[in-house]
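Read in order, the letters of the sequence shown correspond to residues 1 to 514 in full-length UniProt numbering. For each residue, glycine too, the CB sits at the ideal point set by N, CA and C.
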Amino acid sequence: MDGQRDIRPAGRREPADLHDPAGRHGPVDGRAPDAEVLIIGAGLTGLCTAIMLAERGVRVLVVEQGSPGELASGRNTGKATLLQGTRLATIRRHHPARLVRAYVDANRSGQHWLRAFCEREGVPFREATAYSYAQSPEGLERVDAEVAAAREAGLPVERVDRLDVPFPLLGAAALPGQLALDPAELVAALARAAEAAGVRIVTGVRALGVRAADPVVVRTARGMLTAERVVIATGTPILDRGHYFAKLSPSRSQIASFTLPSNAPDGLFISVDQPVRSIRRAGSGGQERLWIGGGSVDVGDTERLAVERRRLLDWAAAWFPDAADPVVWAAQDYESFNRLPFVGRMPRGRGRVFLATGYAKWGLTNAAGAAIRLTAELLADQGARRPGWAQVIGTRLTVPADLAAGALGNAKVLGRAVTGWARALTTPETTDAPADGEGTVGRRGIRPVATATVDGDTCRVSAVCPHLGGIVRWNSAEQTWDCPLHASRFTADGRRIEGPALRDLPRLPAASQI
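Right, dumping it as structure tokens:
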């Protein structure tokens with residue numbers, strides 16, 4: 001399994017950039033809004049919402065810093081399932097049964113919408129049974145808890161004791177009729193359908209701020225945009241309003257794709273024990289491959305990320321020995337401390353700014369469900385009614401256990417901030433270029449400097465994250481600078497990739513050039 005490649009999933013087809021020759025990015029005073037609804041982020045949530053609104057006659061503009069779906073939306077395991085590991089039991093421990101039922105109903109609505117969309121647009125998908133499986137006696141207890149929570153929420157989940165799989169399995173929860181697809185193909189189809197419905201998708205636009213006025217003003221790196229309402233559909237909200245960066249736990253998970261081995265099981269598997277292993281077949285005909293996911297780590301825990309990648313590949317080699325040609329990638333996701341996604345109006349947004357985040361690695365059905373809820377709320381003044389499940393989730397309460405989890409998470413963030421600065425200020429900047437693929441952080445005077453060499457090119461940037469001042473760490477597995485505070489990520493030369501940071505890491509000259 002040596003020689004693995006680190007690339008995006010195959011099959012990505014991206015719409016061309018759309019540029020406005022009329023100078024849309026000029027002054028905003030005294031002219032009509034650029035759109036009725038402006039959506040920041042062309043991932044699953046943004047594109048699904050755009051389609052639903054456009055089909056109801058709303059004029060929609062979507063802006064995206066990179067390419068549609070280039071982050072988590074196009075890099076996940078492609079499971080659109082209502083059985084999500086131990087998600088339902090986890091929510092049930094924190095919330096009453098009616099909230100678990102509402103969460104299931106939201107995901108069911110999202111799954112139904114995705115199925116209908118794929119059938120209409122010709123996006124390949126397959127039906128399969130989803131399994132949450134145990135490999136230990138403790139895992140069996142988790143399986144039983146998930147079965148109980150699922151049945152209480154109205155899902156016909158069964159408990160099975162044996163399955164024809166090559167890896168250890170003591171029992172599993174099973175739910176037939178779930179969906180599997182290629183997320184990159186789905187995103188490409190969503191973008192095409194959105195454009196066909198009249199949505200304008202503009203790439204290469206980084207949003208820098210939102211002013212909740214009438215109309216709402218969105219400040220971008222290319223100028224100002226206006227809209228009657230704005231939806232922030234980025235992985236984590238780009239606005240600090242509401243302090244969602246402190247209410248979310250970010251992590252990165254890895255996925256490896258292999259040639260289909262002879263003993264590949266049929267179904268959608270995810271373990272309830274640690275380390276988590278997610279297994280499914282992908283593709284069709286002679287192009288089938290085996291996808292294995294897992295190895296989730298906190299963003300910025302760069303040493304463990306490399307270790308977990310190796311462990312994932314070793315696990316695959318142990319149980320699927322004839323799997324070959326590994327292709328490895330990673331995706332970042334966010335879980336809210338109260339275990340339910342945040343969807344709806346943003347605090348202090350004057351009812352004009354909306355958001356969706358916190359899908360906890362189950363973004364396919366959650367994103368489509370969030371789009372259904374957002375569409376209903378955005379069209380409320382036209383008589384649209386929120387689904388019953390949305391009204392239930394919208395009245396949830398934060399319980400003491402959630403507050404404790406948030407306090408613990410933020411205490412860890414503070415510890416990482418102190419450790420990062422202490423290490424940076426006590427380590428002099430190296431005068432030698434790091435080896436290719438490596439990066440270092442050191443002090444130049446009182447300034448932390450991050451230096452990395454990629455493909456023979458050495459770049460020096462500020463090591464201070466522009467969000468809240470954390471010290472970035474070098475991620476050798478992905479050759480990026482990652483902030484351990486709130487999961488902002490940057491390329492080796494400092495360009496922002498994702499996270500709550502809005503600006504790049506400033507480039508710095510070599511010490512010899514000062």
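Among residues of its own chain, excluding the 5 on either side of residue i, which ones have a beta-carbon nearer than 7 angstroms to its beta-carbon?
i: A463; result: A424, V441, P448, V449, A450, I471 and V472
i: R101; result: A153 and G154
i: I497; result: T480, R489, F490 and T491
i: R495; result: D504
i: W362; result: Q84 and R87
i: T417; result: The sequence shown places Ala at residue 417, rather than the Thr named in the question. Here the set comprises G470 and L485.
Only counting the same chain, and skipping five residues up and downstream in sequence, which positions put a Cβ closer than 8 angstroms to that of residue i?
i: L99; result: I91, L340, V392, I393 and R396
i: G78; result: A180, L181, D182, P183, L186, R280, A282, W291 and L364
i: S284; result: P124 and R126
i: A435; result: T453
i: D17; result: Reliability fails at D17, whose pLDDT of 33 lies under 50, so the model's placement of it is uncertain and the value that follows must be treated cautiously. The answer, listed in chain order, is V202, T203 and G204.
i: W421; result: P448 and I471
i: H467; result: F245, C483, L485, H486, S488, G499, P500, A501 and L502
i: R159; result: V143, D144, V147, G171, A172, A173 and A174
i: R443; result: A424, L425, T426, T427, P428, E429 and V449
Taking the alpha helix (DSSP H) that residue i falls in, what are its first and last residues?
i: L114; result: A97 to E121
i: E429; result: Premise fails: E429 is in no alpha helix (DSSP H) and is neither H nor E.
i: A302; result: Reading the sequence as shown, one finds Thr at residue 302 and not Ala. Segment T302 to W319, the alpha helix (DSSP H) holding T302.
i: A368; result: G363 to L378
i: M346; result: No alpha helix (DSSP H) contains M346, which DSSP labels as neither H nor E.
i: L53; result: L44 to A54
i: G388; result: G388 to I393
i: R489; result: No alpha helix (DSSP H) holds R489; the beta strand (DSSP E) holding it covers R489 to T491.
i: R59; result: Careful: R59 lies outside any alpha helix (DSSP H) and carries neither H nor E.
i: A510; result: No alpha helix (DSSP H) holds A510; DSSP gives it neither H nor E.
i: residue 522; result: Here the chain covers residues 1 to 514 and nothing more, so residue 522 does not appear.
Throw me the rounded Cβ distance for the residue i and residue j pair, which I believe falls under 8 angstroms.
i: V202; j: L47; result: Incorrect: roughly 13 angstroms between the Cβ atoms, too far for contact.
i: L508; j: V454; result: Not really, about 16 angstroms apart at Cβ, beyond 8 angstroms.
i: G132; j: L170; result: Looking at the sequence shown, residue 132 is not Gly but Ser. Wrong, their Cβ atoms sit about 12 angstroms apart, outside the cutoff.
i: R252; j: V307; result: Incorrect: roughly 13 angstroms between the Cβ atoms, too far for contact.
i: L208; j: L502; result: 5 angstroms
i: A324; j: T234; result: Not a contact, Cβ separation roughly 36 angstroms.
i: residue 515; j: Q178; result: Here the chain has residues from 1 to 514 only, and residue 515 is not among them.
i: L88; j: A150; result: 5 angstroms
i: W109; j: I270; result: First, the amino acid is wrong: residue 109 is Ser here, not Trp. 22 angstroms between Cβ atoms; not a contact.
i: V143; j: A134; result: 5 angstroms
i: L305; j: A477; result: 5 angstroms
i: H94; j: N338; result: 6 angstroms
i: A106; j: W389; result: 5 angstroms
Note down, in chain order, each residue of its chain lying with its Cβ closer than 6 angstroms to the Cβ of residue i, except the 5 sequence neighbours on either side.
i: A212; result: G349, R350, R352 and V353
i: residue 515; result: Lying outside 1 to 514, the shown extent of the chain, residue 515 is not represented and no answer is given.
i: G11; result: In this prediction, G11 has a pLDDT of 34, which is less than 50 and means its spatial position is unreliable; what the coordinates show is noted afterwards. Around G11: D182, A184 and E185.
i: D493; result: C459
i: G26; result: Note that G26 has pLDDT 35, beneath the 50 cutoff, so the model's placement of it is unreliable and the number below is only indicative. Hits under 6 angstroms: none found.
i: A487; result: P250, V299 and G499
i: E138; result: none
i: V276; result: G294
i: R59; result: A35 and E36
i: residue 516; result: Here the chain covers residues 1 to 514 and nothing more, so residue 516 does not appear.
i: V165; result: P265
i: P506; result: S462
i: F320; result: P261
i: R386; result: A376
So the beta strand (DSSP E) residue i belongs to, where does it begin and stop?
i: R497; result: Reading the sequence as shown, one finds Ile at residue 497 and not Arg. First-last of the beta strand (DSSP E) with I497: R496 to E498.
i: T226; result: G223 to I232
i: A435; result: Element bounds for A435: n/a, residue is neither H nor E.
i: A356; result: V353 to T357
i: C459; result: D457 to S462
i: A335; result: Here the sequence assigns Glu to residue 335, which means Ala is not the residue at that position. Segment V327 to S336, the beta strand (DSSP E) holding E335.
i: G294; result: R289 to D298
i: G209; result: A207 to R211
i: I39; result: A35 to I40
i: I238; result: First-last for I238: undefined, no H or E at that position.
i: D214; result: From DSSP, D214 is part of no beta strand (DSSP E); its letter is neither H nor E.
i: P448; result: R447 to V454
Considering only heavy atoms of the ligand GTP, does any lie closer than 7 angstroms to the CB of residue i?
i: G204; result: Among the components of this structure there are no ligands whatsoever, and the ligand GTP is therefore not found.
Checklist line | the segment 212-229 in contact with the segment 253-269 per 3-pair CB rule at 8 angstroms | finding: no
Margin query: Restricting to runs no shorter than 3 residues, where is the beta strand (DSSP E) found entirely within the segment 134-192?
Written below: 158-160 and 171-181
Check: Between the segment 177-187 and the segment 112-124, do at least 3 Cβ pairs fall closer than 8 angstroms?
Finding: Touching, yes, given that three or more Cβ pairs across the two stretches are closer than 8 angstroms.
Checklist line | Inter-stretch contact at 8 angstroms, needing at least 3 Cβ pairs: the segment 317-332 / the segment 237-249 | finding: No: fewer than three Cβ pairs fall under 8 angstroms.
Check: With a cut-off of 8 angstroms, do at least 3 Cβ pairs link the segment 58-76 to the segment 36-46?
Finding: Yes, the segment 58-76 is in contact with the segment 36-46.
Check: Touch check for the segment 418-434 and the segment 375-388: three-plus C-beta pairs under 8 angstroms?
Finding: Flag = no, the segment 418-434 and the segment 375-388 do not touch.
Margin query: Please give me, in chain order, every unbroken run of the beta strand (DSSP E) with length at least 3 that falls completely inside the segment 247-280.
Written below: 248-259 and 268-271
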